[in-house]
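To start, the structure itself, in structure tokens.
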Amino acid sequence: MARLLAGPAHEADAPIAGIIGTCPAMQDVYRLTRRVARSNASVLLLGETGTGKECIATAIHQLSNRAAGPFVKVNCGALSESLLESELFGHVRGAFTGAVANRTGRFEAAHTGSLFLDEINSTTQHLQVKLLRVLQEREFERVGDTQTIRVDTRVIAASNRDLMAEVAAERFREDLYWRLNVVPIYLPPLRERREDVPDLVSHFLNYYSEVNDRFVVHIQKEALQALQDYHWPGNVRELQNYVERAVVMAEGDELTIELLPDVVLGRERPRTVQIRGADVETLVFELVQQGLHSSSPHEDDLHGKIVSRVERELITQVMLSCSNVQTKAAARLGINRNTLHKKLKEYNLDA
């Protein structure tokens, strides 16, 4: 159901097929996407969850001279370190328990094409070293093998975290950051481009009406206003979810305000987790004071400490509220279980 919306006169600024939005911030995204697609440079896509990083990665590949080659996607946050290493680089028979046959990794599978590494911030230091080498030397070895394999694979990485803060917190290698960050593209959150909401709603109405054999093609003025006023913490993905739900539940051909969830209408607070015993403002104040009294205060290091402290407190409280059931806690935090497991180890909470 991808469609090309009417956009600016200049082709470089015009929307890309399959991506909805004509606001100035998205025009910048289109311009950068088209420009970088013609090169072989690594690209780093930055933005909150649900802002469309995978769509832009796909567009970069399709607009490049590698379009005829494979486009391979890997979610780095969805796999443990050992599984991700095997997934990326492959393995030989007998490399570890369960390795009953040789396996081609994603870097090989994407040879002459593009490899999209989503949630690159969730990789371990060990894997970051191997990623740095393949980016620099274009070569690697399969797990359990000594034979060097050379590949011609373009890497497009994405992160929903501030990687410079991760570098400051020593969770991400600085040399890998600069190798990936040749051309950064920032995807704005939906709350910063509310003028695109009507086009997005229209697109999702048409799409979900077709796939669900419905005919919801109109939207009530009050409903559209409510959608434009909402702050969208889940971005386009959250909007897509609410429109699909409305299409399924609608009895007529119009999306009315009664079909929207209470959180959009302001009748219910967003489902966030409160940090008990140490609110965010207190934590920030304490850490700022620590930085002011430090012999060598460093802004990036202070930012990293704030993020780590708040994140640790948040995970602790969610785990307690979920009786230490990781699957429930991960769902409540909006991350996958493997990412949560890594965070628990990182903050020594796994016990």
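Under our numbering, the first residue of the sequence shown is numbered 40, with each subsequent residue one higher.
We put the CB at the ideal spot given by N, CA and C, even for glycine.
I'd like to know whether the C-beta atoms of residue i and residue j end up nearer to each other than 8 Å.
i, j, result
"residue 113", "residue 126", "yes"
"residue 60", "residue 238", "yes"
"residue 166", "residue 120", "yes"
"residue 172", "residue 79", "no"
"residue 82", "residue 195", "yes"
"residue 224", "residue 71", "yes"
"residue 278", "residue 229", "yes"
"residue 62", "residue 232", "yes"
"residue 188", "residue 180", "yes"
"residue 375", "residue 197", "no"
"residue 90", "residue 215", "no"
"residue 264", "residue 295", "no"
"residue 285", "residue 253", "no"
"residue 240", "residue 266", "yes"
Below 8 Å on the Cβ atoms is my contact criterion, and I expect residue i with residue j to pass it. Report the Cβ-Cβ distance as a whole number of Å.
i, j, result
"residue 379", "residue 372", "7 Å"
"residue 88", "residue 199", "5 Å"
"residue 142", "residue 130", "5 Å"
"residue 153", "residue 110", "5 Å"
"residue 256", "residue 244", "6 Å"
"residue 73", "residue 102", "6 Å"
"residue 95", "residue 84", "6 Å"
From the DSSP output, read off the bridge partner residues of residue i.
i, result
"residue 196", "83, 156"
"residue 142", "130"
"residue 294", "258"
"residue 402", "Residue 402 lies beyond the residue range present for the chain, which begins at 40 and ends at 390; the question has no answer from this structure."
How many angstroms separate the CA atom of residue i from the CA atom of residue j?
i, j, result
"residue 183", "residue 169", "14 Å"
"residue 364", "residue 124", "26 Å"
"residue 358", "residue 157", "25 Å"
"residue 347", "residue 208", "8 Å"
"residue 150", "residue 64", "33 Å"
"residue 100", "residue 106", "6 Å"
"residue 293", "residue 306", "22 Å"
"residue 366", "residue 385", "18 Å"
"residue 316", "residue 222", "With a pLDDT of only 44 at residue 316, under 50, the local geometry of the prediction cannot be trusted, and no value is derived from it."
"residue 283", "residue 68", "26 Å"
"residue 58", "residue 147", "29 Å"
"residue 56", "residue 272", "25 Å"
"residue 218", "residue 174", "7 Å"
"residue 368", "residue 159", "22 Å"
"residue 314", "residue 178", "Only weak support exists for where residue 314 lies, its pLDDT of 48 falling under 50; the value from the coordinates is given anyway. Taking the straight line from one Cα to the other gives about 45 Å."
"residue 104", "residue 75", "11 Å"
"residue 138", "residue 122", "11 Å"
"residue 136", "residue 247", "44 Å"
"residue 205", "residue 77", "30 Å"
"residue 53", "residue 242", "17 Å"
"residue 377", "residue 115", "10 Å"
"residue 234", "residue 190", "43 Å"
"residue 356", "residue 201", "23 Å"
"residue 333", "residue 186", "With a pLDDT of 48 at residue 333, under the threshold of 50, the modelled position of that residue is not reliable, and the figure given next carries that caveat. Looking at the two C-alpha atoms, the distance is approximately 49 Å."
Is it the case that the CB of residue i approaches a heavy atom of the ligand PLP more closely than 7 Å?
i, result
"residue 222", "The ligand PLP is absent from the structure shown, which contains no ligands of any kind."
Where in the segment 170 to 226 do unbroken runs of the alpha helix (DSSP H), each at least 4 residues long, occur, reported from the N-terminal end onward?
202 to 207, 213 to 219
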